[in-house]
Every structure is written in structure tokens, then in C-alpha cells.
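Count along the sequence shown starting at 1, add 1, and that's the number in my numbering. For glycine and all other residues, C-beta sits at the position ideal for the given N, C-alpha and C. See structure below.
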Amino acid sequence: MLVYDFISNGTLFDFLHGNTNAISLDARLKIAMESAEALAYLHSSTSRSILHGDVKSLNILLDENYGAKVSDFGASKLVPLDEAEFVMFVQGTLGYLDPECLYNHQITEKSDVYSFGVVLLELITRKKAIYRDGTNERKSLASSFVSAVDQNKLRDILDDQIVEEGAMEVLQELAELAMQCLQFKGEERPTMKEVAEGLQILIKFKCHPWGQKNSEETERLLGGELPTHTVPDAVMYHSQEDSAMLNIEAGR
């Protein structure tokens with residue numbers, strides 16, 4: 002007999018998109034960090050790396066204290082000893098799919114990193130991975146976010162509630178971390194361990210009594226800016242996402 006923890010608060014997807022209750026930035030950062038730590042464990046703390054294969058907000062469960070539990074390992078794979086041989090059919094969920102995987106049909110730990118980057122976007126925008134805009138057109142959150150950053154309109158796409166908390170410097174760093182996860186080339190993305198460490202630093206920085214008023218302390222804790230997308234990356238991004246959505250729509 003298997004015994005599982007009782008998950009009283011459902012999925013992260015429902016928590017973000019199933020109600021309009023206020024969710025603090027602290028709560029969102031905690032969920033992000035715990036989810037990242039779980040994925041980092043799968044990737045680097047076992048004798049053979051395990052790829053989740055379907056990271057999304059629907060597969061992150063929240064317990065009674067809103068602690069995050071990564072679930073649904075139906076698409077998980079052990080990384081072979083020769084990673085060059087790891088070629089497979091594309092699987093996962095539209096909106097979270099690694100665009101590089103759509104191109105070369107090769108899944109790696111960095112595919113989970115990309116998908117987690119989309120989850121980070123959900124946490125800071127409170128939009129679904131595939132959402133409808135004001136004209137009822139289906140949009141990719143990742144593509145929309147990349148465009149917003151390229152056009153220097155980050156604030157416009159962030160959830161108003163966390164913007165109003167006044168921790169804009171933390172939000173900018175969190176957005177840059179998400180952008181790094183969303184790099185088109187997997188080799189340019191961080192590892193999940195690096196993502197978890199970055200989130201830990203952001204949480205410490207936000208809780209620091211003088212951190213946001215001390216530029217030297219900010220630099221020491223955050224370690225400088227993270228790289229963002231180049232315009233060519235954004236163009237490739239739109240192309241891959243749009244093609245995937247068109248193919249699915251055509252199949253209906």
C-alpha cells in the first residue's frame with residue numbers, strides 16, 4: 002500500500018487561475034523556490050539524472066502550508082549514459098514545450114528548465130501559459146513576455162498586485178531569471194540547481210531589512226544582471242510557438 006501526503010490546496014494552476022484571491026510575492030517566491038529545488042534534486046541528486054518531462058503549474062501541488070510538491074511523473078525519463086542518444090518524440094504540454102526540443106527532438110534537463118521558466122511567468126503575471134488576450138486571440142505567455150521585455154514593457158505584463166507591493170527590483174531580477182530559463186538554446190539556460198539558488202538569493206534579498214535601500218548590498222546578494230533574450234532568439238521563439246499552436250488548431 003502506498004501512502005501519500007494529503008494535498009489540501011490543490012494545484013498551482015488552480016491557485017493562480019481558479020480564483021481572484023490576493024497572493025503575496027513572498028508566497029509566490031516560496032512556491033517557485035520549493036518547486037525548483039525538487040526539480041534540481043531530480044536532475045542532480047540521484048545516481049542517474051531524471052527528467053520530469055512535463056513541468057507545468059497543473060503538476061505542482063500545494064499542501065496545507067502552501068508548500069510545493071512536484072507531481073505527475075508519467076512523462077519522466079532517466080537520462081542515458083550517452084546523452085547524445087536521447088532522441089524521442091516530443092511530449093509535454095503546449096505553452097510549456099521547449100522550442101529547441103520541437104526543433105531537434107532531443108530532450109534534456111534544460112527542457113525542464115525551459116518549462117519551469119514558463120511556470121515562473123505564470124507566478125509573476127498570473128496569466129495561463131496559453132491565454133486569450135483582450136481580442137480573444139490565443140497567445141503564448143512565453144512569447145508575449147519576451148516581446149514585453151524586448152519593448153521595455155515589463156511592468157505592463159506583470160500582475161498588478163505584486164507590482165503594487167513595491168518590490169520592483171526583486172520583480173526585475175525574477176523576470177531576468179525567467180528570461181534566462183527561456184533562452185532558445187538549451188546550453189544558454191541555467192541548471193535547475195542554479196535556478197533554485199537564484200530564487201533563494203532573491204528571497205533573502207527581499208527579506209533583508211535594508212537590502213532594497215542599499216545598492217552595494219543589492220549587488221553583493223544578486224551578483225549582477227542575468228542575460229536576457231536577443232532579438233533573433235525572440236523571433237525564433239515566436240516562430241516555434243506559433244507553429245505548434247497552428248498545428249494543434251488544425252488538428253481539431
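Item                                                                                                : Value
Lys154 vs Leu142 beta-carbon contact at 9 angstroms                                                 : no
Coil, strand or helix - Ala69 by DSSP                                                               : strand
Where the beta strand (DSSP E) through Arg139 begins and ends                                       : 139–141
Val196 vs Phe117 beta-carbon contact at 9 angstroms                                                 : yes
Residues sharing a beta bridge with Tyr115, DSSP                                                    : According to DSSP, which records beta bridges pairwise, Tyr115 is partnered with nothing at all.
Residue closest to Lys194, alpha-carbon to alpha-carbon, out of Gly68, Ser48, Val119, Glu35         : Glu35
Alpha carbon of Gly135 to alpha carbon of Asp160, nearest angstrom                                  : 16 angstroms
Under the three-state DSSP convention, the category Ile42 falls into                                : Sequence check: residue 42 is Tyr here, not Ile. Looking at Tyr42 - three-state DSSP - the assignment turns out to be helix.
Cβ-Cβ distance between Lys57 and Ala130 below 9 angstroms                                           : yes
Continuous alpha helix (DSSP H) stretch holding Arg133: start and end                               : Unbroken run through Arg133 is the beta strand (DSSP E), 131–133; no alpha helix (DSSP H).
Ile24, DSSP secondary structure in three states                                                     : coil
Expected contact under 8 angstroms - CB spacing of Val150 and Met180 to nearest Å                   : 6 angstroms
Of the residues Gly19, Asp27, Asn10, the one placed nearest Ile202, counting alpha carbons only     : Asp27
Where Tyr104 falls, given that 16 or more other Cβ within 10 Å makes a residue buried               : exposed
Option nearest Ser25 by Cα separation, candidates Asp157, Glu165, His106                            : Glu165
From Ile51, Leu30, Arg49, residue whose alpha carbon lies closest to that of Ile204                 : Leu30
Leu122 - DSSP class collapsed to helix/strand/coil                                                  : helix
Residue environment, Gln152, which counts as buried when at least 16 other CB atoms sit within 10 Å : exposed
Ile204: first and last residue of the uninterrupted alpha helix (DSSP H) it sits in                 : 193–208
Residue span of the beta strand (DSSP E) that contains Leu62, given as start and end                : 61–63
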